[in-house]
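Quick notes on the structure that follows.
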Amino acid sequence: MTALPPHTEKKLGLVIDLDTCVGCHACATSCKEWNATGYSAPLTDQDNQGPDPHGTWLNRVHSYEVGDGASSRTVHFPRSCLHCETPACVTVCPTGASYKRAEDGIVLVDEDKCIGCKLCSWACPYGAREHSAVEGVMKKCTLCVDRIYNEHLPEADRQPACVQACPTRARHFGDLGDPESDVSKLVAERNGVALMPELGYNPVNRYLPPRPRRTGGDAPAPQEETLDTTKLPPLLRWLDKVLSR
Amino acid sequence: MNPAFSVIVFTTLSGTGFGLWFWLALRIALGDQAEWFDGIGWALGLIAGGVLVAVGVIASLWHLGKPMRVWRAFSQWRSSWMSREGVFAIACMAVAAATVLVQSSLLDLPHEPVAMRVLCALLAPLCLAAIYSTAMIYGSLKTIAAWRHPLVAPVYLLFALVGGGILFGVFAGTTMDRPNLVGAGILVGAIALAMTKLRYWWAIDREPLSLDRGDAVGLPGREVSVFERPHTEANYLNREMGFVVARKHARKLRVIALVLCVLVPALCALPMLLLPHGGPAVLYWGAALSFQLGAMVERWLFFAEAKHVVMLYY
Numbered sequence: 073m074t075a076l077p078p079h080t081e082k083k084l085g086l087v088i089d090l091d092t093c094v095g096c097h098a099c100a101t102s103c104k105e106w107n108a109t110g111y112s113a114p115l116t117d118q119d120n121q122g123p124d125p126h127g128t129w130l131n132r133v134h135s136y137e138v139g140d141g142a143s144s145r146t147v148h149f150p151r152s153c154l155h156c157e158t159p160a161c162v163t164v165c166p167t168g169a170s171y172k173r174a175e176d177g178i179v180l181v182d183e184d185k186c187i188g189c190k191l192c193s194w195a196c197p198y199g200a201r202e203h204s205a206v207e208g209v210m211k212k213c214t215l216c217v218d219r220i221y222n223e224h225l226p227e228a229d230r231q232p233a234c235v236q237a238c239p240t241r242a243r244h245f246g247d248l249g250d251p252e253s254d255v256s257k258l259v260a261e262r263n264g265v266a267l268m269p270e271l272g273y274n275p276v277n278r279y280l281p282p283r284p285r286r287t288g289g290d291a292p293a294p295q296e297e298t299l300d301t302t303k304l305p306p307l308l309r310w311l312d313k314v315l316s317r
Numbered sequence: 005m006n007p008a009f010s011v012i013v014f015t016t017l018s019g020t021g022f023g024l025w026f027w028l029a030l031r032i033a034l035g036d037q038a039e040w041f042d043g044i045g046w047a048l049g050l051i052a053g054g055v056l057v058a059v060g061v062i063a064s065l066w067h068l069g070k071p072m073r074v075w076r077a078f079s080q081w082r083s084s085w086m087s088r089e090g091v092f093a094i095a096c097m098a099v100a101a102a103t104v105l106v107q108s109s110l111l112d113l114p115h116e117p118v119a120m121r122v123l124c125a126l127l128a129p130l131c132l133a134a135i136y137s138t139a140m141i142y143g144s145l146k147t148i149a150a151w152r153h154p155l156v157a158p159v160y161l162l163f164a165l166v167g168g169g170i171l172f173g174v175f176a177g178t179t180m181d182r183p184n185l186v187g188a189g190i191l192v193g194a195i196a197l198a199m200t201k202l203r204y205w206w207a208i209d210r211e212p213l214s215l216d217r218g219d220a221v222g223l224p225g226r227e228v229s230v231f232e233r234p235h236t237e238a239n240y241l242n243r244e245m246g247f248v249v250a251r252k253h254a255r256k257l258r259v260i261a262l263v264l265c266v267l268v269p270a271l272c273a274l275p276m277l278l279l280p281h282g283g284p285a286v287l288y289w290g291a292a293l294s295f296q297l298g299a300m301v302e303r304w305l306f307f308a309e310a311k312h313v314v315m316l317y318y
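Structure representation (structure tokens):
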């Protein structure tokens with residue numbers, strides 16, 4: 073059903089630290105690897121050895137330059153589904169293939185019902201959904217629903233593949249509906265933000281903005297070197313004179 | 005947005021088909037009782053409307069990744085405009101088919117004229133609902149500012165009603181007491197269409213996007229420029245949402261659309277208005293053909309000119 077649950081028990085989601093993300097794409101590749109055999113399988117590529125390789129990915133890592141001049145910095149920005157509380161991608165779906173789970177808030181596609189009309193991808197401002205031309209259905213982040221509840225996995229592994237793969241621990245997974253959860257505390261501490269909240273989709277995922285520079289903005293310019301030869305000891309003064317010839 | 009040919013054919017042809025059904029339904033429901041000869045014109049018109057709607061709907065299936073599952077699309081009418089469009093389209097087809105069946109005397113009903121009037125009184129508002137639902141598939145998307153504009157639905161309705169009105173003239177114009185009325189209607193409709201579409205273009209050219217890349221990445225107010233894309237080749241998002249060819253030729257294409265949809269039909273409508281019996285049939289066919297071509301140009305622009313907010317990330 074495309075009707076949204078009035079309330080979800082949990083709001084499972086990701087917190088992504090833009091300060092520590094180094095843009096290594098490990099989250100994107102591990103996502104691709106897990107989901108190519110898991111819930112979203114197959115996650116196909118086309119022409120992958122040819123001149124125009126392209127394929128379906130559920131996570132993409134952008135790199136941006138923020139600011140200008142001496143205060144500019146590179147910010148790496150992983151982009152995936154934000155598991156919105158009021159997602160338009162679900163309500164526009166004509167078949168009920170798109171749905172939001174009442175128990176944990178995960179937004180999923182039932183690929184057996186999807187007719188591949190692509191309207192949900194048009195409705196998403198975050199580019200979270202990619203249509204797979206091979207299977208003819210829509211693909212999106214599942215928050216690794218087949219990992220996080222998987223009792224065949226050791227408990228430490230029951231988190232999304234992207235979170236586990238991150239070498240700088242820039243990705244965190246948890247219940248953002250519980251103010252006492254680690255992720256909620258992290259968001260409160262670091263002033264985490266939702267993306268484009270003015271569009272009204274109430275994203276669950278949060279992004280932690282880069283920390284301010286320790287120098288506090290613009291770094292002071294290095295002092296210019298000055299040399300007053302008259303104040304040098306006689307031996308150095310003589311040396312300066314000889315070498316300056 | 006990528007102007008998929010299947011969707012352009014779907015929205016223009018099915019729109020004209022619903023428009024034609026709307027005018028025929030009004031004429032049957034409210035006009036004089038059908039004579040035998042008039043009946044042929046009406047039946048042909050109803051069938052022609054059905055062909056247009058059917059071709060449009062079949063074209064839209066071309067756009068689907070899994071067309072065999074399309075029956076599922078009728079289930080989510082509570083929240084989805086696309087689903088509503090499907091439901092109204094099927095309802096229109098059923099009522100129009102019933103009207104043709106009653107009219108054909110196969111059933112030999114005792115109150116045939118009454119039955120036809122009742123069915124057509126139902127058909128007319130259903131057609132409007134189907135056209136409006138098509139428009140709202142696009143009009144409901146907050147991610148595309150040019151589609152969110154309040155004039156999108158009126159423009160879709162006007163295109164369907166003017167296109168259908170011209171075809172109504174083709175099939176049933178001569179059966180009217182005052183056939184010149186069709187010409188007057190086309191003239192008024194074409195002028196209203198031009199004014200609405202020009203106002204829409206004027207508005208979308210001047211409304212800047214309220215969001216920038218800083219908002220998109222959660223750093224509002226900061227200057228953000230692309231350092232490196234996530235992928236070296238185009239992906240689905242770039243192909244589907246990042247279509248830029250049209251903007252270069254937008255001005256010329258707008259003029260072409262207006263000439264074909266407004267100027268040519270209006271020039272054809274003048275003799276329809278002034279000559280006895282509404283003028284020769286070739287005028288109606290010429291206006292209809294020109295209008296359909298123009299509507300396809302306009303619809304192509306409607307897609308190609310629309311910018312999707314996701315492109316801020318690229």
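Chains as they are written, first to last, in the working numbering: chain A, 73 to 317; chain B, 5 to 318.
Backbone N, C-alpha and C define an ideal beta-carbon position, used for all residues, glycine too.
Which residue from the options puts its Cα closest to that of residue i?
i, options, result
"residue 290/B", "299/B, 274/B, 118/B, 269/B", "269/B"
"residue 215/B", "28/B, 82/B, 148/B", "148/B"
"residue 79/A", "119/A, 156/A, 242/A, 239/A", "156/A"
"residue 73/B", "188/A, 90/A, 180/A", "188/A"
"residue 298/B", "184/B, 164/B, 313/B", "164/B"
"residue 87/A", "225/A, 307/A, 154/A", "154/A"
"residue 94/A", "148/A, 114/A, 245/A", "148/A"
"residue 80/B", "164/A, 131/A, 200/A", "164/A"
"residue 169/A", "87/B, 117/B, 188/B", "87/B"
"residue 143/B", "156/B, 131/B, 231/B, 20/B", "156/B"
"residue 123/B", "139/B, 141/B, 97/B", "97/B"
"residue 116/B", "295/B, 127/B, 125/B, 103/B", "103/B"
If you count every other CB in all the chains shown that lies within 10 Å of the CB of residue i, and 16 or more means buried, which is it?
i, result
"residue 222/A", "exposed"
"residue 300/B", "buried"
"residue 263/A", "exposed"
"residue 314/A", "exposed"
"residue 231/A", "buried"
"residue 41/B", "Reliability of the predicted coordinates at residue 41/B is poor, the pLDDT of 46 falling under 50, and the value obtained from them is presented with this limitation in mind. Exposed, since its Cβ has fewer than 16 Cβ neighbours within 10 Å."
"residue 234/B", "buried"
"residue 272/A", "exposed"
"residue 107/B", "buried"
"residue 172/A", "buried"
"residue 256/B", "exposed"
What residues from chain B crowd round residue i, counting only those whose CB sits closer than 9 Å?
i, result
"residue 137/A", "227, 228, 229, 230, 231"
"residue 173/A", "Simply none; closest approach about 16 Å."
"residue 134/A", "221, 230, 231, 232, 233, 234, 317, 318"
If the cut is a Cβ gap below 9 Å, which residues of chain A does residue i touch?
i, result
"residue 213/B", "Ordered by position in chain A, no residue passes the 9 Å Cβ test against residue 213/B, which lies about 11 Å from the chain."
"residue 108/B", "The contacting residues do not exist; residue 108/B stays about 33 Å from chain A at best."
What is the rounded straight-line gap between the Cα of residue i and the Cα of residue j?
i, j, result
"residue 259/B", "residue 309/B", "15 Å"
"residue 158/B", "residue 200/B", "8 Å"
"residue 219/B", "residue 225/B", "7 Å"
"residue 45/B", "residue 28/B", "10 Å"
"residue 258/A", "residue 178/A", "21 Å"
"residue 285/B", "residue 67/B", "36 Å"
"residue 171/B", "residue 195/A", "35 Å"
"residue 152/A", "residue 74/A", "21 Å"
"residue 144/A", "residue 152/B", "36 Å"
"residue 263/B", "residue 61/B", "27 Å"
"residue 310/A", "residue 303/A", "12 Å"
"residue 229/A", "residue 160/A", "31 Å"
"residue 241/A", "residue 254/B", "48 Å"
"residue 287/B", "residue 273/B", "8 Å"
"residue 306/A", "residue 137/A", "52 Å"
"residue 268/A", "residue 281/A", "14 Å"
"residue 167/A", "residue 207/A", "17 Å"
Going along chain A in order, which residues have a C-beta closer than 7 Å to the C-beta of residue i?
i, result
"residue 219/B", "268"
"residue 62/B", "Those within 7 Å of residue 62/B in chain A number zero; the least Cβ separation is about 14 Å."
"residue 15/B", "Chain A residues near residue 15/B: none, gap ~13 Å exceeds 7 Å."
"residue 319/B", "Any question about residue 319/B goes unanswered here, given that chain B covers just 5 to 318."
I want to verify the contact list: residues of chain A whose CB lies under 8 Å from the CB of residue i, in sequence order.
i, result
"residue 305/B", "Chain A residues near residue 305/B: none, gap ~17 Å exceeds 8 Å."
"residue 334/B", "There is simply no residue 334/B to check, as chain B begins at 5 and stops at 318 in what is shown."
Note down, in chain order, every chain B residue with its Cβ under 8 Å from the Cβ of residue i.
i, result
"residue 185/A", "73, 76"
"residue 203/A", "69, 240, 244"
Under 7 Å between beta-carbons, which chain B residues line up against residue i? List them in chain order, please.
i, result
"residue 199/A", "241, 314, 317"
"residue 195/A", "145, 147"
Entirely enclosed alpha helix (DSSP H) segments - the stretch 118-184 of chain B, minimum 4 residues
149-152, 156-176
Which residue spans inside the stretch 130-208 of chain A form an unbroken beta strand (DSSP E) run of at least 3?
132-138, 145-151, 170-172, 179-181, 202-204
Segments of 3+ residues assigned as beta strand (DSSP E) that fall wholly inside the stretch 222-247 of chain A:
Those beta strand (DSSP E) runs which fall completely within the stretch 222-247 of chain A and span 3+ residues are 243-247.
Whole alpha helix (DSSP H) runs in the stretch 220-278 of chain B with 4 or more residues, listed along the chain?
Listed in chain order, the complete alpha helix (DSSP H) runs (minimum 4 residues) inside the stretch 220-278 of chain B are 240-245, 249-262, 268-278.
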